[in-house]
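*Asks:* Number 35 in full-length UniProt numbering belongs to position 35 of the sequence shown; there are no gaps in the numbering.
The beta carbon of each residue, even a glycine, is placed where N, CA and C say it ideally should be.
All figures in this text were calculated on a predicted structure; none of them were measured in a lab.
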Amino acid sequence: MTTKVLAIDDSRTIRNLLRVSLEGAGFEYHSACDGVEGVEQFSEVEPDVVITDINMPNMDGFGVIENLRSGPNRTTVPIIVLTTESGPDLKTRAREAGATGWIVKPFDDASLVSVLRRLTGHVV
1 MTTKVLAIDD SRTIRNLLRV SLEGAGFEYH SACDGVEGVE QFSEVEPDVV
51 ITDINMPNMD GFGVIENLRS GPNRTTVPII VLTTESGPDL KTRAREAGAT
101 GWIVKPFDDA SLVSVLRRLT GHVV
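1. Who pairs with P49 in a beta bridge, going by DSSP?
2. Please work out which residues of its chain come closer than 6 angstroms, Cβ to Cβ, to D9, disregarding the five sequence neighbours upstream and downstream, and give them in chain order.
3. Whose C-beta lies closer than 7 angstroms to the C-beta of D60 among residues of the same chain, with five residues either side of it excluded?
4. P88 to R74, Cα distance in whole Å?
5. Is the CB-CB distance between D48 and T3 below 8 angstroms?
6. So the candidates are T92, S86, E44 and E40; which of them puts its Cα closest to the Cα of P106?
7. Under 6 angstroms Cβ to Cβ from Y29, same chain only, skipping five residues before and after it: list those, please.
8. Tell me whether Y29, by its Cβ, gets closer than 7 angstroms to a heavy atom of the ligand HEM.
9. Go to E23, then tell me how far its alpha helix (DSSP H) extends in each direction, as first and last residue.
10. At 3 residues or longer, and completely inside the stretch 50-121: list those beta strand (DSSP E) runs for me, N to C.
This is the structure we're talking about:
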């Protein structure tokens with residue numbers, strides 16, 4: 001069974017980089033261009049892991065995390081924050097909202113794939 005990843009990022013470049021990296025590693029890749037679209041797609045895609053940016057229009061990453069952890073989806077699926085931000089206060093806020101981990105852009109393909117495999121048990 002293929003591990004499904006839902007990536008939520010307003011940067012087309014980042015979404016394309018993630019697609020190439022994750023599909024190349026054997027993941028099933030889905031994406032959304034902002035938090036609202038990401039939360040809507042969550043129940044359709046039923047991902048095994050979510051990757052979200054923090055700074056996005058319409059709904060930011062904190063909103064995504066809070067919605068997925070406490071809204072109608074109320075999921076325990078791992079949520080990884082992928083952002084240019086690295087402030088400890090933001091990391092704490094994300095962790096308290098329910099984020100599983102934090103990766104700073106630009107990301108290293110091998111490290112990201114390794115983290116996702118560890119979180120999901122995905123073996124190629």
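*Replies:* In this structure, then:
1. Reading the sequence shown from its first residue, position 49 is the one you call residue 49. Residue 49 is actually Val in this sequence, not Pro. In the DSSP output, where bridge partners are listed per residue, V49 has V5.
2. Residue numbering aside, residue 9 sits at position 9 when the sequence shown is read from its first letter. Result list for D9: R15 and D53, in chain order.
3. If you number the sequence shown from 1, residue 60 lands on position 60. So the list reads G35 and I54, once near-sequence residues are dropped.
4. Position 88 of the sequence shown, counted from the start, is the residue given in the question as residue 88. Position 74 of the sequence shown, counted from the start, is the residue given in the question as residue 74. Roughly 26 angstroms separates the two Cα atoms.
5. For this step, residue 48 is matched to residue 48 along the sequence shown. For this step, residue 3 is matched to residue 3 along the sequence shown. Contact: yes.
6. On the sequence shown, position 106 is the one that residue 106 refers to. Cα-wise, what sits closest to P106 is S86.
7. Taking the sequence shown and counting its residues from 1, one reaches residue 29 at position 29. Here the set comprises V5, R19, L22 and E23.
8. Among the ligands in the structure shown, none appear at all, so the ligand HEM cannot be discussed.
9. The sequence position of residue 23 within the sequence shown is 23, counting from 1. Taken as a continuous stretch (DSSP letters only), the alpha helix (DSSP H) holding E23 covers R12 to G24.
10. 79-83 and 101-104
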